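See below for the structure under consideration.
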Amino acid sequence: MGQTQTSNPYAWIGDDLAAIHRAGWYRSPRAVCATRGPEVIMDGRTVLQFASNDYLGLSRDPRLAEAATAAIAEFGTGATGSRLTSGDRDLHHRLEGALARWKGTEDCLLFGSGYLANLGVIPTLVGQRDLVLSDQYNHASLRSGVELSGATHRYYAHGDMEALESLLDRERAEYRRCLLVSDSVFSMDGDLAPLGRLVALAEHYSGMVLIDEAHCTGVLGGSGAGALEHWGITVPVIQMGTLSKALGSVGGYVCGGAELIDYLRNRSRTWIYTTGNTPADAAAALRAVEIVPTEPERRARLWQRIEQLRRGLAALEVTVLPHDAGIFCLAVGDIETTARLSQGLFERGIFAPAIRPPTVPTSRIRLSLMATHTPEMIDQLLAGIAESLSALMD
Ligand SMILES: *Cc1c(COP(=O)(O)O)cnc(C)c1O
Numbered sequence: 021m022g023q024t025q026t027s028n029p030y031a032w033i034g035d036d037l038a039a040i041h042r043a044g045w046y047r048s049p050r051a052v053c054a055t056r057g058p059e060v061i062m063d064g065r066t067v068l069q070f071a072s073n074d075y076l077g078l079s080r081d082p083r084l085a086e087a088a089t090a091a092i093a094e095f096g097t098g099a100t101g102s103r104l105t106s107g108d109r110d111l112h113h114r115l116e117g118a119l120a121r122w123k124g125t126e127d128c129l130l131f132g133s134g135y136l137a138n139l140g141v142i143p144t145l146v147g148q149r150d151l152v153l154s155d156q157y158n159h160a161s162l163r164s165g166v167e168l169s170g171a172t173h174r175y176y177a178h179g180d181m182e183a184l185e186s187l188l189d190r191e192r193a194e195y196r197r198c199l200l201v202s203d204s205v206f207s208m209d210g211d212l213a214p215l216g217r218l219v220a221l222a223e224h225y226s227g228m229v230l231i232d233e234a235h236c237t238g239v240l241g242g243s244g245a246g247a248l249e250h251w252g253i254t255v256p257v258i259q260m261g262t263l264s265k266a267l268g269s270v271g272g273y274v275c276g277g278a279e280l281i282d283y284l285r286n287r288s289r290t291w292i293y294t295t296g297n298t299p300a301d302a303a304a305a306l307r308a309v310e311i312v313p314t315e316p317e318r319r320a321r322l323w324q325r326i327e328q329l330r331r332g333l334a335a336l337e338v339t340v341l342p343h344d345a346g347i348f349c350l351a352v353g354d355i356e357t358t359a360r361l362s363q364g365l366f367e368r369g370i371f372a373p374a375i376r377p378p379t380v381p382t383s384r385i386r387l388s389l390m391a392t393h394t395p396e397m398i399d400q401l402l403a404g405i406a407e408s409l410s411a412l413m414d
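Per the working numbering: the sequence shown ends with 414, consecutive numbering throughout.
Take a look at the structure:
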């Protein structure tokens, strides 16, 4: 035995937490105690929810609940094993088939979440001899997927296709494979990536493309299939997304060519070594995938609310970051001002969180709209913003 260790080996955690507090970066979840569509009960009061990804209100649709309940009755609550052992259900295959048809790809593979899909697909496509080029504002799960892959990772400035082209021009030839990765609508900003240009560059430089459609599925495109449908892009790219936003369930997926999906089933660690999606989640998502293309009025209602908020915010002279879908970000100043505005809104019955570093480079109030918000709720939001902003000035 050497010297006796007397110090607490976990003491550094408290020190680190204190540093997080000092920087104003401390975060903690706030529980919702009940939901009635966009109205939720938090901290004992009823507030209007402007932070949900439930863009079409499907998470409270009785048809999804019914499908989930029926699946539990038939298959039970858990999948009981990984898909390659005991956990495969025909429900999974029906959902994968429906997603592939909707997205216009040959096949599809489900994952436990969108995060796990990105951790699973990227290291399967690239490794140490390869290059990944990413938009600097890509979702954290894409970043983690690239880190796990061991590939060389370069970021280009947000949406800057000239910067992407010069990176490709300078570096592409030195690597075996190349993968271009982008959100379609950026989750913490709300704007769309220039996907047409990106796909053309990928073709020119022989790069693979992975597009994260998390915030576009159900929201953009004629049938709600996402940004690729919106732009009319038909060249085959790898599309991933989540079942947990507009589709009202939980889980992730990757859609692409038959060989790619077959390869993922044989190589992707976050698919092979984990339990299959629960029957209830898969059944609810399958019902949502049937509903979304056939009820365009839901999307139309969401877009009416987006227009209403866009016009109202323009009249308020508040700085709104560029946006192309249901996410609006208000830039109102530093961490403290942004937090005070969020608090002011809460006191006026509106839940709109402050998003701050390190999640994003600059603090902002992030609002997301749902088809189930009424025009009166948007008016209430606008009035709340106007009042809270003027209270901040005093
Ligand atoms: C939400 C999100 C994910 C993760 O999806 P989950 O199913 O919630 O894990 C991935 N990418 C983007 C862009 C997202 O917004």
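We treat Cβ as the ideally placed atom computed from N, Cα and C, and that holds for glycine. Quantities reported herein were computed from a predicted structural model and do not represent experimental measurements.
Distance from the Cα of Y135 is smallest, within the candidate group V152, R174 and L263, for L263. Secondary structure of H173 (DSSP, three-state): strand. Contact between the segment 346–359 and the segment 382–389 is established, with three or more Cβ pairs separated by less than 8 angstroms. In the DSSP assignment, R65 falls within the unbroken beta strand (DSSP E) covering R65 to Q69.
Taking 8 angstroms as the upper bound for CB-CB distance, L322 and A213 are not in contact here, some 20 angstroms apart. Here the distance from the Cβ of G238 to the nearest heavy atom of ligand 1 is not below 6 angstroms. In the structure shown, the three-state DSSP call for G179 is coil. Residue pairing from DSSP places A351 in a beta bridge opposite T339. Between D301 and S269, the gap from beta carbon to beta carbon is short of 7 angstroms.
In the structure shown, the three-state DSSP call for Q328 is helix.
Within 10 angstroms of the beta-carbon of M260 lie 16 or more other beta-carbons, which makes it buried.
The DSSP-derived three-state label of S362 is helix. N297 and H113 have their C-alpha atoms roughly 11 angstroms apart. Between Y157 and L188, the C-beta spacing is not below 7 angstroms. In the DSSP annotation of this structure, G117 is not part of any beta strand (DSSP E); the continuous alpha helix (DSSP H) holding it starts and ends at D110 to K123. Membership of T379 in any alpha helix (DSSP H) is not indicated, and neither H nor E is assigned to it by DSSP. Shown here, A54 sits in a strand according to DSSP, grouped into three states. In chain order, L115, A118, L119, W122 and L267 place their CB closer than 8 angstroms to the CB of V309, counting only its own chain and leaving out the 5 sequence neighbours on each side. For I398 against L329, the beta-carbon gap comes to about 5 angstroms, under 8 angstroms, which counts as contact. Nearest to I281 by C-alpha distance, out of T125, A88, L111 and G57, is T125. Rounded to the nearest angstrom, the gap between the Cα atoms of L200 and G277 is 17 angstroms. Between the segment 140–150 and the segment 161–173, the count of Cβ pairs shorter than 8 angstroms is three or higher; the stretches touch.
Assignment of G277 by DSSP, reduced to helix, strand and coil, places it in the coil class.
In this structure, A234 has its CB closer than 6 angstroms to one or more heavy atoms of ligand 1. With respect to A160, V274 sits apart: the two C-beta atoms are not nearer than 7 angstroms. Look at G165 here: in three-state DSSP terms it is helix.
In this chain, the beta strand (DSSP E) harbouring G261 covers I258 to T262.
Taking a cut-off of 8 angstroms on C-beta distances, the segment 312–327 does not touch the segment 97–105, as fewer than three cross pairs fall below it.
For F131, the three-state secondary structure derived from DSSP is strand.
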